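Presented below is the structure to which this report refers.
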Amino acid sequence: MLAINNVTKQFGTVKALNGVTFDVPDGQITGLIGQNGAGKSTTFHSILNFLNYEGEITWDGQPITENDFDNIGYLPEERSLMAKLTVEQQIVYLARLKNKPAKIIRPQIDEWMTKFAVKGQKTDKIKSLSKGNQQKVQLICTLIHQPKLIILDEPFSGLDPVNADLLKRAILEARRQGAAIIFSSHDMANVESICDRLVMLKTGNVVLNGALGEVRESFGRSELYVTTDWQEGQLAELSHVTNVTHLRDHRYLLHLDDPAAGRDIFDRLTGGHYIEEFSQQPPTLDEIFRLKAVTNHE
Amino acid sequence: MNKTWIVALETYLRQVKSWSFVMLVVSPFLLLAVSLGVGYFSGSSNTNSQRIAVISDQPQLRAAFIKDNQADVSRDVTTVAAAKKRVANDKLAGYLKLSADSRRVTGRYYSQNSISSSMETSVKGFLNKTQQTLNLQNAKLKTTQLKALSQQPVFKQHIHKTSGSSDIAKIASFWILVFVIYMVLLTYSSITAQEIASEKGTKIMEIIFSSTKASKYFIGKITGVMMVILTQILIYLVGGAAFYLGLNQIDTFRKLFDQYRYLIQPVIGNLLNVNLLYLFLGVIIYTIVSAFSGALVAKAEDAPKAAQPAIYLGMTAFFLTFPFQSNPTGLIVKVLSYIPFFSSYFMPLRVIYHQASPLEISLSLLILILTIGLLAWYISRIYEGLILQTDDSSFWKRLKRGLTYQN
């Protein structure tokens, strides 16, 4: 397990991280979210020892040293490979730096290229590949040595939905193999679809930390999806309804300031009769993100 | 395999497989081959037009002249008609008609131009010698009289050599060496600085530093470049030797080498001694500084500028040698021959002129090697801090941040 304990990092007068504390358990996927400049990349750089910091970061209870590098797979935010190498040379070179012998890695390259649907040959020069395919090769470089700790900085950026699904599948497979995975993303749908845990940073402070379901539930079931013949204006007049969004046809999303008001609203809408849809849920991750990013909601 | 070696091997293989390296290594040989080829062919095409034919009714007389002037005579021309035709076609410089009766030897030279001074000397020399022999025969002298007349005066040169060919060899050795150091240094400084600067602009370094320590990577990189330099020097040595031995098989070049052996041998001797080590170490120390300045650029687009500090330093040392090319005993030369960055130019100057003792050379080498070691160690420690800065702050800010980096 990766444990980040009270980590603070200051750049001049700017505190990029302020007492950041959270865990990344083995066999789980942790999503690290936050606005630009919240401290996500600084957190990753601290884990990788690129920066000096106050506090403690441990892997299985020990400070991270060069010996642990072989078990880490890291994908930086901006993509970059050595343009003049072939796909095979690039993968083998980076794997050898992870202490994986070429004779073990070489036979796996075709399989990984198929898994990520890379269009091109392993003998092709990196610079001859499209940007998307270069990104896939970089993902292969990150994962092929089967790391126990996987750090992915914005892995979905630039990927179309089909390729994003391929990446999700690879991340889920790594989780099944017991890897501790942490990734940052601005796409809350991707975070929501595969994450077990969620950490949100705001100006270097942890503002959310926990299992994804628990985090969402902690905001209460303040969202109500209904399909009804009632008009938008009538719905807005219901008590404890703060906002009404017309989704489509007779379907509406009602925001409640008190989740307990759901039962009264159900009684009023149905009047003891059939209703097509009545679903009370916690806010989506996207809404939680907007809420936490704008306010200091606890 | 050790990660430093993995980086070194990757750097080495990538560079030696590149076209720029192949061109770098092959171009001097090509240049040499082309210039020697041009010289050879123009030389051989000129030879016939500079030769003369010798025509004579007396075969012994003709044979005697040819024996003394083999290189200057076209033997296959034996008639006046053939000689005239060749002269008209500019295949011969002219022809010499030789005749002799019992009292006089006669030589008549026919040409479109006047005879060359060297040929004139040869012809006159031959005619004088033959006439002398004829005169002695006609005088019917006794053996003792003949002996007395054949007495020659004595002329001997007694030269105390303080200059001459040995000085030319030293000056030639010096210029060849400083130019080779300067060119190799310029090339590798530029390659190294640009490579590191272009890496800095990318995130590949973050991936690499998540696999190995920056210090190991830096040392691996420098080791790889060292191996490339060694390969180039080895190719030059082996190729140069092969070129020399190959050309020795060709008559024209063998004569040329024989003619200039007094110059060639000491020059080769001056290049293949401790000076070769100075060349190698000099390039290494400048390469390390280039790597450092390459790591200081703000972004990949600045890569071409990255080598400038090392190149300017190299140029300063290079031009500083000019006033001292024949003054190896000056105080400034002595001082600079111990100072790294300058010693690679100045100590070889002293070595060429035999003005440095083995102790002085050892001390200078020790200082140079220690400086290389210390520089490599220090830069490897701050390398991560230098290379991971990608902001567009000023050069001095980046330098300060790099120098104060601790991890």
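Top to bottom, those sequences are chains A and B. Just so you know, we're using the working numbering here: the first sequence kicks off at 42 and counts up by one. Just so you know, we're using the working numbering here: the second sequence kicks off at 239 and counts up by one. Beta carbons are placed, not taken as given, at the ideal position from N, Cα and C, and that holds for glycine. Values in this document were obtained by computation on a predicted structure and should not be read as measured data.
First and last residue of the uninterrupted beta strand (DSSP E) at residue i
i	result
A/Val282	Val282 to Arg289
A/Gln322	Glu318 to Gln322
A/Leu138	A/Leu138 -> no beta strand (DSSP E), and no H or E assigned at all.
A/Thr268	Glu264 to Thr268
B/Tyr333	Gly332 to Ala338
A/Gln51	Leu43 to Phe52
A/Thr99	Glu95 to Trp100
A/Lys243	Arg238 to Lys243
B/Leu534	Taken as a continuous stretch (DSSP letters only), B/Leu534 belongs to no beta strand (DSSP E), as it is neither H nor E.
B/Arg346	Val343 to Ser349
B/Ala291	Ile290 to Ser294
A/Arg292	Arg292 to Leu297
Residue i, DSSP secondary structure in three states
i	result
B/Ser401	Per-residue confidence for B/Ser401 stands at a pLDDT of 49, beneath the threshold of 50, marking its modelled position as unreliable; no derived number is given.
B/Pro586	helix
B/Lys305	helix
A/Asp194	strand
A/Ala124	coil
A/His338	Because A/His338 sits at a pLDDT of 47, beneath the cut-off of 50, its placement in the model cannot be relied upon, and the following sentence gives the value as read from the coordinates. Three-state DSSP puts A/His338 in coil, outside helix and strand.
A/Arg257	helix
A/Ala57	strand
A/Leu249	strand
B/Ser256	coil
A/His314	coil
A/Lys166	strand
B/Leu514	helix
A/Thr183	helix
A/Thr71	strand
A/Leu86	Reading off the sequence, residue 86 of chain A comes out as His, not Leu. A/His86: helix per DSSP, three-state reduction.
B/Leu626	coil
A/Asp25	The question about residue 25 of chain A has no answer here: the residues shown for chain A are numbered 42 through 339.
A/Gly78	coil
A/Leu92	coil
B/Phe364	helix
B/Trp634	helix
B/Thr316	coil
Boundaries (first-last residue) of the alpha helix (DSSP H) holding residue i
i	result
B/Gly478	Ala452 to Leu485
B/Leu379	B/Leu379 -> no alpha helix (DSSP H), and no H or E assigned at all.
A/Val222	The question names Val, but residue 222 of chain A in the sequence shown is Ile. It is not in any alpha helix (DSSP H) - A/Ile222 instead sits in the beta strand (DSSP E) that spans Ala221 to Ser225.
B/Lys543	Ala541 to Ala544
A/Gly274	Glu273 to Ala277
B/Gly507	Arg499 to Leu509
B/Leu569	Leu569 to Leu574
A/Ile235	Met229 to Ile235
A/Ile113	Run containing A/Ile113: none in the alpha helix (DSSP H); it sits in the beta strand (DSSP E), Ile113 to Leu116.
Under 8 Å by beta carbon: chain B residues contacting residue i
i	result
A/Ile191	Neighbours of A/Ile191 on chain B: none; closest Cβ ~11 Å, over 8 Å.
Contact set between residue i and chain A, taken where Cβ atoms lie within less than 7 Å
i	result
B/Arg619	Within chain A, no residue comes near B/Arg619; the closest Cβ sits about 13 Å away, beyond 7 Å.
Contact set between residue i and chain A, taken where Cβ atoms lie within less than 9 Å
i	result
B/Leu626	His86, Phe91 and Leu92
Neighbouring residues, chain B, relative to residue i (Cβ below 9 Å)
i	result
A/Ile113	Ser448 and Ser449
A/Glu195	Those within 9 Å of A/Glu195 in chain B number zero; the least Cβ separation is about 11 Å.
Chain B residues whose Cβ lies nearer than 7 Å to that of residue i
i	result
A/Phe110	Ser448, Ser449 and Thr450
A/Glu340	No information on residue 340 of chain A is available, as it lies outside the stretch 42 to 339 that chain A covers here.
A/Glu152	Within 7 Å Cβ-Cβ: nothing; A/Glu152 doesn't reach chain B, min ~21 Å.
A/Glu273	Within chain B, no residue comes near A/Glu273; the closest Cβ sits about 49 Å away, beyond 7 Å.
Proximal chain A residues relative to residue i, where beta-carbon distance stays under 8 Å
i	result
B/Glu622	Phe91
Scan the region 441–454 of chain B for residues whose Cβ lies nearer than 7 Å to a Cβ of chain A and list them as they occur along the chain.
Lys441, Ile442, Glu444, Ile445, Ile446, Phe447, Ser448, Ser449, Thr450 and Lys451
Touch test, the region 524–536 of chain B against the region 508–515 of chain B, Cβ-Cβ under 8 Å, three pairs minimum:
no
Between the region 117–130 of chain A and chain B, which residues of the former have a C-beta closer than 8 Å to a C-beta of the latter?
Pro117, Glu118, Glu119, Arg120, Ser121, Leu122, Met123, Lys125 and Leu126
Of all the residues that make up the region 133–145 of chain A, which are near chain B by a beta-carbon distance shorter than 7 Å?
Tyr134, Leu135, Arg137, Leu138 and Lys139
Pull out every residue of the region 241–254 of chain B whose Cβ sits closer than 8 Å to any Cβ of chain A, in chain order.
Lys241, Ile244, Val245, Glu248 and Arg252
Below 8 Å, how does it come out for the region 172–190 of chain A and the region 131–141 of chain A: are there three or more Cβ pairs, yes or no?
yes
Under 8 Å, with one C-beta from each stretch per pair, do the region 153–162 of chain A and the region 207–227 of chain A reach the 3-pair mark?
yes
Three Cβ pairs or more, each shorter than 8 Å: is that satisfied between the region 47–58 of chain A and the region 87–104 of chain A?
yes
May I ask you to verify whether the region 320–340 of chain B touches the region 288–296 of chain B, counting CB pairs closer than 8 Å and requiring at least 3?
yes
Counting pairs of beta carbons, one from the region 425–441 of chain B and one from the region 591–610 of chain B, are three or more of them closer than 8 Å?
no
Indicate whether the contact test is met: 3 or more Cβ pairs, each with one atom in the region 62–74 of chain A and one in the region 240–254 of chain A, closer than 8 Å.
yes
Count Cβ pairs between the region 367–385 of chain B and the region 337–347 of chain B that sit closer than 8 Å; are there 3 or more?
yes
Specify whether the region 113–125 of chain A and the region 452–463 of chain B touch according to this definition: at least 3 beta carbon pairs, one from each stretch, less than 8 Å apart.
no
Using a Cβ distance threshold of 8 Å, determine whether the region 474–490 of chain B contacts the region 383–393 of chain B, with at least three qualifying pairs required.
no
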